[in-house]
Amino acid sequence: MGIIIKSDREIAIMRQAGRIVATVLGALSEQVRPGMKTKELDVIAARELERLGAKPSFKGYRGFPANLCVSVNDEIVHGIPGERVLDEGDIVSLDLGAILKGLQGDAAVTVGVGEISSQAEQLMKTTEGALKASIAVAYPGARLGDISAAIQNYAESRGCSVVREYTGHGIGREMHEEPQIPNFGSLGVGPVLKKGMTLALEPMVNVGGWRTRLGNDHWVVFTADGSLSAHFEHTIAITNDEPEVLTIV
Ligand code: MG
């Protein structure tokens, strides 16, 4: 198998899929408010994806029951939206994938519910900063390990830890393609980045330790120590020059 190189035509479709993901995540972020049930966000995600002509990537994936992952506070990823009511001060990670003409886009953001603590604010900034730092090194000729190291160094130098059991990934016709992209690693190791590679970079960053615990539903992943966690993700394309972020409006 190995890493699949996409044609310019495929990347053009992924750009459209990515724009849809970003549009829906933007709409969801504006809707988040105290007193809302997380399942309401899933309803909006389903409706907006349909309106924009895309299919949800996650629904039915290995049996996942929703269109959107909603992970609150110490939940890292893969939270199933449901009856939980959001409280003032919570932080909520929204992860969404869309399929358009057989190609995928995948992105995540973490947003605050009303007024949040400065610790939560810092965590979110650190996680988003780690994502930006990793995109900034994704040039042709760089190594995959440079991306991993950029995320780890950015987060750990700010006193946070990076989740190790869940990773970023190649993406294209499948949501999860090779390579796996750990959020920790060493400079100068791993595959060389080449034009036409499309990658989902997704730092998951914890205030406390990096260890995780799987929830009783066998989907949601918690921080083992109960500390806050944030998640930011973009799908990017490696070009001949600057990396292109596909999941933007
Ligand atoms: Mg992903």
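Heads up, the sequence shown is in our numbering, so the first residue is 29 and it goes up one at a time. Ideal Cβ placement from N, Cα and C applies to all residues, glycine included.
- Remark: the C-beta of Ala82 is outside contact range of ligand 1, defined as less than 6 Å to any heavy atom.
- Contact annotation: Leu80 and Ile48 have beta-carbon atoms nearer than 7 Å.
- The bridge partners DSSP lists for Asp36 come to none.
- In this structure, Tyr182 sits near Ala158, with a CB-CB distance shorter than 7 Å.
- The beta-carbon distance between Gly254 and Asp118, rounded to whole angstroms, is 14 Å. This is too long to meet the 8 Å contact definition.
- Short note on Glu230: C-beta closer than 6 Å to some heavy atom of ligand 1.
- Closest in alpha carbon position to Asn244, among Pro271, Gly107, Ser176 and Ile144, is Gly107.
- Residue nearest to Thr263 within the set Glu202, Gln147 and Val235 is Glu202 (criterion: CA-CA distance).
- Put simply, of Gly130, Ala136, Val190 and Gly169 the residue whose alpha carbon is nearest the alpha carbon of Asp269 is Gly169.
- In this structure, Ile39 places its C-beta atom within 7 Å of the C-beta atom of Ala265.
- Within the region 111–152, the runs of beta strand (DSSP E) that reach at least 3 residues and sit entirely inside it are, in chain order, 119–128 and 131–140.
- For Leu229, there is no enclosing alpha helix (DSSP H); the enclosing beta strand (DSSP E) covers residues Thr226 to Leu229.
- Val233 and Val137 have their C-alpha atoms some 12 Å from each other.
- Contact check for Phe260 and Pro231: beta-carbon distance about 6 Å, within the 8 Å limit, so the pair qualifies.
- When DSSP states are grouped into helix, strand and coil, Ala161 belongs to the helix group.
- Sequence-distant partners of Cys97 (beyond 5 residues in either direction) whose C-beta falls short of 7 Å from its own C-beta, in its chain, are Phe86, Val105, His106, Gly107 and Asp123.
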